[in-house]
Amino acid sequence: MSELPTKVKILETPEDIQERREQVLSRYSAFKEATEFRRHRLEQAKRYQFFKRDADELEGWILEKLQTYSNEDFKELSNLQVNCYLRDFT
754 MSELPTKVKI LETPEDIQER REQVLSRYSA FKEATEFRRH RLEQAKRYQF FKRDADELEG
814 WILEKLQTYS NEDFKELSNL QVNCYLRDFT
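Take the sequence shown: its position 28, counting from 1, is numbered 781 in the numbering used here, and each next residue is one higher.
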């Protein structure tokens with residue numbers, strides 16, 4: 754972008770036109786490459802955000818289950834269910 758001329762150059766010969774064409778195509782190619790790189794980075798950021806969201810949800814679910822299982826009432830209920838289950842098989 755710093756290659757912008759300070760005054761307009763008149764393209765008089767076919768060589769001038771060809772040179773200008775090559776400059777424009779080169780800049781366009783660099784622009785396409787930069788936008789492709791940016792698109793790739795944005796897709797990576799999007800995938801990371803989805804992963805982070807899912808991981809945070811899973812962490813919350815695990816903490817909720819740990820609280821439930823550490824509760825004394827649940828332990829008593831769980832022991833009762835195990836005892837009933839074992840009693841049915843004996």
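Here a beta-carbon is modelled for each residue, glycine too, at the ideal position from N, C-alpha and C.
- Under the three-state reduction of DSSP, Ile-763 is assigned to coil, being neither helix nor strand.
- Taking C-alpha positions only, Val-777 is separated from Ala-808 by approximately 46 Å.
- Here the alpha carbon of Thr-759 sits roughly 22 Å from the alpha carbon of Ala-783.
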